[in-house]
Every structure is written in C-alpha cells, then in structure tokens.
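Please read the structure below before turning to the comments.
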Amino acid sequence: MNENQKTLHKFYAAFATSNYQDMISCYHPNIVFTDPIFHTLEAKDALNMWKMLLEKGEGKTVIEYSNISANENEGTANWVATYLFSATNRRVVNRVRAKFIFQDGLIIKHTDTFDLYKWSQQAFGFKGYLMGWTSFMKEKIHENAVASLASYS
1 MNENQKTLHK FYAAFATSNY QDMISCYHPN IVFTDPIFHT LEAKDALNMW
51 KMLLEKGEGK TVIEYSNISA NENEGTANWV ATYLFSATNR RVVNRVRAKF
101 IFQDGLIIKH TDTFDLYKWS QQAFGFKGYL MGWTSFMKEK IHENAVASLA
151 SYS
C-alpha cells in the first residue's frame with residue numbers, strides 16, 4: 001500500500017469513527033472540496049463542513065468505504081453514508097464516488113459525486129421525488145447547506 005492509499009484509509013477510518021482531527025490531518029491547508037450539495041468549499045470552509053456534519057450526525061452516521069486506490073498524484077474511493085437527515089428526520093443512504101488529488105503527501109482536492117435527485121428523494125420524500133430533479137430544488141438544497149455552514153462557523 002502506497003502513502004496516498006494509507007492517507008485515504010486514514011481519512012475514511014476517521015470518518016467512520018467521527019474523528020474530525022484525524023480526517024482534517026489528511027487535508028492540505030489549501031484543500032478544495034466539491035460536491036453536489038455544497039458545491040465548492042476551500043480551506044477552512046471544507047474543514048468546518050466535516051466538523052458540522054460529524055457533530056450533527058452525533059456519532060449515528062454509519063460510514064462504509066471501499067475500492068480505495070491511489071498513485072503518487074491522484075486517487076479514488078467509494079463510500080456510503082447512512083444517516084437521518086436532520087431537517088426531516090428521514091433515513092438517507094448516500095452512495096458516493098470520491099476523487100482526490102494529492103500534494104505534499106496530503107489531499108489538496110477532494111471531489112465527491114452522487115445522484116442529488118436520489119438523495120433528495122430520500123431526504124425529502126414525496127417533495128424530493130416531485131421537485132428534486134429541478135434546478136430550483138437543487139439550488140435551495142445548496143443555499144440551505146451553505147447557510148447552515150455559515151451559521152455553524
């Protein structure tokens with residue numbers, strides 16, 4: 001196992017045990033995180049997002065990860081988060097494909113991709129089924145996530 005694979009295993013093992021400090025120790029100070037909900041977060045905002053999500057999950061989020069691979073420059077992983085979405089108390093099983101770029105032995109770019117429509121159906125039920133595919137709903141989800149992070153920070 002190379003060093004970047006070890007970093008990804010450390011990151012996800014920490015995520016699975018809600019160990020914020022170990023998670024962020026895998027990130028470069030200039031980290032750029034991107035996903036369908038938060039869009040792009042840089043440095044402190046990316047770190048605070050993980051802290052907020054772990055604290056809101058109160059240790060009840062189940063994280064499973066697999067298919068970690070990495071070379072000297074980039075890596076990938078699959079992970080699944082199972083949790084109750086706090087706004088609706090609905091169960092969500094989110095299947096994510098992650099891509100990473102490394103610099104100085106740390107993750108400098110982390111991109112998570114998943115089906116936001118499937119996520120919205122689970123998180124919001126019928127409303128998500130009807131509206132989750134629309135740009136309006138996608139933007140509302142983003143705005144609420146960013147506002148939640150801003151009030152948390």
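Numbering follows UniProt numbering, with no gaps: position 138 of the sequence shown is 138.
Cβ coordinates follow ideal geometry from the N, Cα and C atoms, glycine included.
Three or more beta-carbon pairs separated by less than 8 Å are not found between the region 115 to 128 and the region 15 to 30, which leaves the two stretches without contact. For Phe38, no beta strand (DSSP E) encloses it, and the DSSP letter there is neither H nor E. Under the DSSP assignment, Lys51 falls in the alpha helix (DSSP H) whose first and last residues are 44 to 57.
Three or more beta-carbon pairs separated by less than 8 Å are not found between the region 78 to 95 and the region 34 to 52, which leaves the two stretches without contact. Three or more beta-carbon pairs drawn from the region 49 to 68 and the region 1 to 17 are found closer than 8 Å, and the two stretches are therefore classed as touching. Here the C-alpha atom of Ile108 lies approximately 30 Å from the C-alpha atom of Met137. Non-local C-beta neighbours of Ala87 in its own chain, meaning closer than 6 Å and more than five positions away in sequence, are absent.
Rounded to whole angstroms, the separation of the alpha carbons of His110 and Val80 is 16 Å. With a threshold of 16 other beta carbon atoms within 10 Å, Met1 falls short and is exposed.
For the pair Gln5 and Ile68, the CB atoms are nearer than the 7 Å cut-off. Our two residues, Gly105 and Phe126, have alpha carbons roughly 44 Å apart in a direct line.
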